[in-house]
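Each number in my numbering corresponds to the 1-based position in the sequence shown with 255 added. As structure tokens, the structure follows; a few thoughts come after it.
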Amino acid sequence: MNRAYLKHFTFQASRYEEYVDGVCLSKGNCNTIVVSKPISHDCVAFNLVNEVPVKIWDHFELPVLGYAGGDVLKDRIQYGRLNTLKWHDPTEPIVCNIFNNMTCIRFATLSPLRIVEFYGEFTDIQNNSRTINNNKAEGVNMGRQCPWSKEELLKLYRKVDAYAKTLYILLCKQGDSDAGEALASYNLFKLPVVYVFIHYHYGKFEDLGMSNNDISAYIGLFMLDTRNFVENFLEGMREQNVFYYDRRNEIAPKLIEVCEEVLYIINH
């Protein structure tokens with residue numbers, strides 16, 4: 256088994272190769288350090304330090320799907336998935352492969368398909384007990400305090416969840432054939448709350464009571480295009496009354512603030 260899986264590691268690269276649609280675009284020596292650190296049971300953060308010889312994000316996060324989800328393959332670890340043909344940012348990595356020979360780390364971007372491989376050696380691999388620490392301070396990440404308590408985020412998540420279910424029942428009673436589609440759409444509004452909840456170490460999916468469908472949507476959709484989802488949510492809530500049946504207007508204002516926090520996290 257690849258001993259770098261879900262470990263905090265440092266990889267010193269001395270050479271790189273870049274391919275676009277299978278054709279070598281550039282290659283050469285480099286002095287790039289790849290640092291990876293699990294920030295929760297569901298997400299791994301990457302930092303590229305020093306010289307980065309290609310146009311690629313130097314800080315980003317990728318989802319963890321676990322052993323059952325196919326993260327650990329025969330010859331490599333794979334964080335993230337290529338489950339789409341287009342991507343809004345061609346410099347944002349959406350997949351990372353860490354090969355079992357422990358000498359190569361590969362990142363993939365889309366629009367167009369581009370592969371960036373770093374060759375070198377691991378200089379540090381820390382134990383799980385030092386990477387995923389269940390006792391880390393709740394509500395704090397990278398020195399920033401979460402604007403909401405754990406209970407406040409749980410309450411907002413449950414309100415959005417209840418709204419989606421109530422709307423579904425109402426539409427079904429009215430014989431609306433789009434009831435299922437409406438349920439799926441409104442369930443997506445819970446995902447920015449999940450992002451903030453996980454980012455600030457408040458707990459896991461299970462602590463929110465997420466269904467398997469919600470977890471799949473979070474990992475397979477939201478985490479792979481977070482910025483686009485959140486920006487669309489914000490645009491929709493600012494331009495129209497998305498939560499029409501929320502007579503006390505308790506959901507949209509708080510959800511807008513949560514979405515703005517997600518964008519802050521992404522940008523910093």
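Just so it is clear, CB atoms sit at the ideal spot from N, CA and C, and this is done for glycine as well. Please read these numbers as outputs of a predicted model, since none were measured by experiment.
Item	Value
Measure the CB-CB distance between Glu372 and Glu273 and report whether it falls below 9 Å.	yes
Could you give the first and the last residue of the continuous alpha helix (DSSP H) run that contains Ser291?	Where Ser291 is concerned, there is no enclosing alpha helix (DSSP H), although the beta strand (DSSP E) it sits in stretches over Val278 to Ser295.
So, is Asp462 buried or exposed, given that buried needs 16 or more other C-beta atoms within 10 angstroms?	exposed
Would Ile424 be called buried (16 or more neighbouring beta carbons within 10 Å of its own) or exposed?	exposed
On the DSSP letters alone, give me the boundaries of the beta strand (DSSP E) that Val304 sits inside.	Cys298 to Asn305
Suppose the cutoff is 6 Å on Cβ atoms and the five residues either side in sequence are ignored; what does the same chain contact list for Cys401 look like?	Gly394 and Tyr455
Could you please give the first and the last residue of the uninterrupted alpha helix (DSSP H) stretch that includes Leu317?	Counting along the chain, Leu317 falls outside any alpha helix (DSSP H), though it belongs to the beta strand (DSSP E) covering His314 to Pro318.
State the start and end residues of the unbroken beta strand (DSSP E) segment that holds Asp379.	Arg369 to Ile380
Please state the DSSP three-state secondary structure of Gly321.	coil
At which residues does the beta strand (DSSP E) containing Gly435 begin and terminate?	Where Gly435 is concerned, there is no enclosing beta strand (DSSP E), although the alpha helix (DSSP H) it sits in stretches over Ala434 to Asn442.
Counting along the chain, where does the beta strand (DSSP E) carrying Arg270 start and finish?	Phe264 to Val275
Rank Val513, Gly277 and Asp480 by C-alpha distance to the C-alpha of Phe315 and give the top, closest one.	Asp480
Taking the alpha carbon of Tyr500 as the point to measure from, which residue in Asp344, Met357 and Val415 has its own alpha carbon closest?	Val415
Which class does Asn496 belong to by DSSP, given the choice of helix, strand or coil?	coil
With Val415 as the anchor, note down where its alpha helix (DSSP H) starts and where it stops.	Lys405 to Lys428
Going by the DSSP bridge assignment, what does Gly335 pair with across the sheet?	Val350
Quick check: Lys459 and Ser269, are their CB atoms within less than 9 Å of each other?	no
When burial is assigned at 16 or more other CB atoms within 10 Å of the CB, is Ser291 buried or exposed?	buried
So who's on the other strand from Val395, going by DSSP bridges?	Gln400
By Cβ distance, which residues of its chain are closer than 8 Å to Asn390, with the 5 residues on each side in sequence left out?	Caution applies to Asn390, whose pLDDT of 43 falls short of 50 and renders its modelled position unreliable; the model cannot decide the point.
Quick one, which of Val309, Ile353 and Ala472 has its alpha-carbon nearest Asp330's?	Ile353
Where Leu328 and Gln267 are concerned, what is the direct C-alpha to C-alpha distance, given to the nearest angstrom?	23 Å
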